[in-house]
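Residue numbers (mature numbering (1 follows the signal peptide of the UniProt record, and there is no 0)): -34 to -1, 1 to 153. Just so you know, even glycine gets a beta-carbon here, dropped at the ideal spot from N, CA and C. Report on the structure given below.
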């Protein structure tokens, strides 16, 4: 009985692994890193062109997100600013956060919200603040923060990530540092 259960479990695991390999091969899933250090490293999932129910997505790799966050933090530290940095993916999920030494407790959450806002609207948050004059209810969208300091990362014009910085004395400085993070990816 014990031997049968073990062999049955092994068979299920082997079958599951085989199905996963076939599914991934059929969908053409692959990972690609940038060939140039200035270009963003992304992970792309290709879809089966014959299946209209599937879409293609592009995301920053964890390495690229970490480089961007560190570049933003380094830019702030060069100007003696204590900030937090967040990088979110296209879906607004946090990929990396760095809280600089001495950054205020509010900066962590603010950085995430600025990054989310930048990727959601594919625009720097300083530009989005200007839109509030014509559409004041934008600020009511959950998870957003319409203050300077968020910057989108794009690939072929489409948003793939957002970088948010918070903690400097002005949104202009926060956004300058967020842009430095995007620039580190060749944005």
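Return the first residue and the last residue of the alpha helix (DSSP H) that residue i is part of.
i	result
residue 28	28 to 44
So, with DSSP's three-state summary, where would you put residue i?
i	result
residue 104	helix
residue -9	The predicted position of residue -9 is uncertain, since its pLDDT is 35 and thus under 50; no value can be drawn from it.
residue 144	helix
To the nearest angstrom, how far is it from the Cα of residue i to the Cα of residue j?
i	j	result
residue 119	residue 133	21 Å
residue 34	residue 115	14 Å
residue 110	residue 82	6 Å
residue 58	residue 108	12 Å
residue -5	residue 152	Only weak support exists for where residue -5 lies, its pLDDT of 26 falling under 50; the value from the coordinates is given anyway. Between residue -5 and residue 152, the C-alpha separation is close to 22 Å.
residue 71	residue 135	14 Å
residue 98	residue 104	7 Å
residue -8	residue 23	Any reading at residue -8 needs caution, since the residue's pLDDT is 32, under 50, leaving its predicted position unreliable; the model's value is listed next. The straight-line gap from Cα to Cα measures roughly 12 Å.
residue 21	residue 28	21 Å
residue 67	residue 51	12 Å
residue 144	residue 106	23 Å
Select from the options the residue whose C-alpha is nearest the C-alpha of residue i.
i	options	result
residue 89	46, 149, 128	128
residue 137	42, 18, 85, 31	42
residue 113	121, 80, 145	80
residue 60	68, 150, 97, 74	74
residue 142	20, 37, 19	37
residue 47	145, 131, 150	131
residue 76	55, 49, 86	49
From what residue to what residue does the beta strand (DSSP E) around residue i run?
i	result
residue 64	60 to 65
residue 51	50 to 55
Those runs of the beta strand (DSSP E) which lie wholly inside the segment 67 to 132 and span at least 3 residues:
For the segment 67 to 132, whole beta strand (DSSP E) runs of length 3 or above, ordered along the chain, are 116 to 121, 124 to 132.
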